[in-house]
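Working notes for the structure below.
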Amino acid sequence: MLAAHRLLLTRMPTLYFHLRNLGRKVTGTRRRQRRLFAELVRRGDLVLDVGANIGEFTGAFRDLGARVVAVEPQPRLTAHLRTRFRTDPLVTVVATAVSDREGEATLYTTSADALATLEATRANGGATGAGAELEWKDTITVPLRTLDAIVAEHGVPALVKIDVEGHEPGVVKGLTAARPSVFFEVNQPGAATVIDTLAGRGYTDFYVREGEQPDWVSREPMTAARVAEYLAGSTGDHDCLALAPDATADRRPAPARAGS
């Protein structure tokens, strides 16, 4: 399977992305993302999609009427995003990696599934999670920006989505100028650091998604300590939402109704 990924991506990238987009559509991934974020994102909101990849989340956020800044450092993926959203003036593609400092950095890449990371330990097999089993043998030099700099340029977002293959702690450390809702992929061992950083900035309500489900494991918010404990004891793929500390009642997951 990985050989097929590599062959398509390196020899026929247009076909690769077309088939991947089609597969996501057939399995209902974009529909599930819309349902998950419908209570958090409103028409006219700004959303930052950090680690936008092929634009799966960007498309879902646009379906909800949001303006999206799609942040992606890999050249072939930024080219794909610009082509995919070329007729949409409410999608801005920013070709950069994101961390807690500005400058340049080494991005470790694998052709299979177009994954990339700034984390050398992850590329060298020192982490678990999606993509950890792949060959991370290529590197490129990419620009590096902070979320604070991106916010200063594009505005304060309602939501930041982060999927950066283990560098989530660095991304969150660079977000100090605003307190939007933060949705991040759980990559160990850094998830606890992300949660601690956000808790230190006043975030109190956390939610967990398992796999690519269209709802949260529980619609009752977890504390930072509880969600860290839950994730440390769980297997499988998870995402975590840290709700904006100032979120109004209509911008948070509604409690499940009795009997539902």
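Residue numbers (our numbering): 21 to 280.
For glycine and all other residues, C-beta sits at the position ideal for the given N, C-alpha and C.
Worksheet item: The alpha helix (DSSP H) spanning V171 covers which residue range?
Response: L167 to H174
Worksheet entry | Whole alpha helix (DSSP H) elements within the segment 195-237, 4-residue minimum | When DSSP assignments are scanned along the segment 195-237, the uninterrupted stretches of alpha helix (DSSP H) that are 4 or more residues long and fall wholly within it turn out to be 211-220.
Worksheet entry | Classification of P200 by the beta-carbon crowding that lies within 10 angstroms, buried from 16 upward | buried
Discussion item. Comparing C-alpha positions only, which one of V192, E230 and L68 sits nearest to R121?
Written reply: V192
Discussion item. Closer than 8 Å is the cut-off here; do at least three beta carbon pairs connect the segment 209-225 with the segment 93-110?
Written reply: no
Worksheet entry | DSSP-derived helix/strand/coil call for L101 | helix
Practice prompt. Taking the CB atoms as reference points, tell me whether T112 and V89 lie closer together than 7 Å.
Written response: yes
Worksheet item: Nearest-angstrom Cα distance between T262 and D225?
Response: Checking the sequence shown, residue 262 turns out to be Ala, not Thr. When rounded, the separation of the alpha-carbon atoms in A262 and D225 is 6 Å.
Practice prompt. Report yes if the C-beta distance between V70 and I182 is below 7 Å; otherwise report no.
Written response: Going by C-beta atoms, V70 is nearer than 7 Å to I182.
Worksheet item: Considering only the beta carbon of each residue, do V171 and A143 sit closer than 7 Å?
Response: For V171 and A143, no; Cβs fall outside 7 Å.
Worksheet item: If you follow the beta strand (DSSP E) that R87 is part of, which residue opens it and which one closes it?
Response: Unbroken beta strand (DSSP E) run through R87: R87 to V91.
Worksheet item: Which first and last residues belong to the beta strand (DSSP E) in which D69 is found?
Response: It spans L66 to V70 - the beta strand (DSSP E) in which D69 sits, taken as one unbroken run.
Discussion item. Quick test of your reading: A115 and E92, contact by CB under 8 Å. State the CB separation rounded to the nearest angstrom.
Written reply: 7 Å
Worksheet item: By a C-beta neighbour count over all protein chains shown, 10 Å radius and 16 as the cutoff for buried, is P275 buried or exposed?
Response: Of the residues assessed, P275 falls on the exposed side of the cut-off, its CB having fewer than 16 other CB atoms within 10 angstroms.
Worksheet entry | K193: first and last residue of the uninterrupted alpha helix (DSSP H) it sits in | E188 to K193
Item to complete: Enumerate in chain order the residues of its own chain whose CB-to-CB distance from G85 is below 6 Å, with the five nearest sequence positions on each side excluded.
Response: The answer, listed in chain order, is R63.
Worksheet item: Around the C-beta of R246, are 16 or more other C-beta atoms found within 10 angstroms, so that it is buried, or is it exposed?
Response: exposed
Worksheet entry | Rounded straight-line distance, which links the Cα of G75 to that of L218 | Here the alpha carbon of L218 sits roughly 26 Å from the alpha carbon of G75.
Worksheet item: G222: buried (16+ other C-beta within 10 angstroms of its C-beta) or exposed?
Response: With a 10 Å radius around the Cβ and a threshold of 16 neighbouring Cβ atoms, G222 comes out exposed.
Worksheet item: Under a three-way DSSP split, which group does T141 fall into?
Response: helix
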